[in-house]
Amino acid sequence: MSSIEASLTLHATPNSPIYDSKPFAYNASKAAVNAFTIHLAHELRNTPVKINSAHPGWVKTELGGEGAMMDIAEGAKTGVELAILPDDGPSGGFFHLGEPVPW
Ligand SMILES: NC(=O)c1ccc[n+]([C@@H]2O[C@H](COP(=O)([O-])OP(=O)(O)OC[C@H]3O[C@@H](n4cnc5c(N)ncnc54)[C@H](OP(=O)(O)O)[C@@H]3O)[C@@H](O)[C@H]2O)c1
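Residue 126 is where the sequence shown starts when you use this note's numbering, and the numbers rise one by one after that.
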């Protein structure tokens with residue numbers, strides 16, 4: 126489970142939604158998760174195992190807080206979608222609700 130906060134591209138883009146959100150420890154830890162996704166997907170590229178990063182959205186949990194936009198069921202969708210990918214589904218990607226998120 127990653128986060129949009131992992132995105133180096135969006136952090137480097139001044140008008141992106143996360144440009145001013147720079148808690149370094151959290152963001153760097155999620156960027157490391159994404160690096161692991163790419164490396165593990167490569168390691169397992171000749172197996173049926175799929176490795177992807179997920180951004181769940183901004184979800185009303187203890188972490189996300191009451192101000193978050195998505196309820197918990199909505200926030201679970203990306204992770205569940207990636208957990209039940211078909212055999213020809215993607216591996217080594219970064220997704221939110223079926224759409225790619227920039228690295
Ligand atoms: N909520 C958002 O808006 C949002 C956005 C982007 C990404 N994410 C990511 O989504 C994931 C889930 O976040 P959440 O919003 O559900 O957060 P949360 O409500 O704070 O829940 C965090 C969960 O992690 C467990 N946990 C924390 N430290 C642990 C440890 N050292 N060992 C084992 N379990 C530990 C907690 O267990 P206990 O309850 O037992 O303490 C809890 O179940 C996280 O990786 C977060 O970074 C969330």
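Yeah, the Cβ is synthetic: ideal placement off N, Cα and C, and Gly gets one too.
From the DSSP output, which residues share a beta bridge with H180?
Partner(s): none; H180 has no beta bridge.
Which ranges does the beta strand (DSSP E) cover as unbroken runs of at least 3 residues, wholly within the region 184-227, from first to last along the chain?
Within the region 184-227, the complete beta strand (DSSP E) runs of at least 3 residues are 219-221.
Let me make sure I understand the geometry here. Which of F161, G192 and T172 has the alpha-carbon closest to that of A179?
That would be F161, whose Cα lies nearest to the Cα of A179.
Using the three-state DSSP reduction, which class does Y151 fall into: helix, strand or coil?
Reduced to three states, the DSSP call for Y151 is helix.
Pick helix, strand or coil for N159, following the three-state DSSP scheme.
Reduced to three states, the DSSP call for N159 is helix.
Select from L135, F149 and G200 the residue whose C-alpha is nearest the C-alpha of K185.
Measuring from the Cα of K185, the nearest candidate turns out to be G200.
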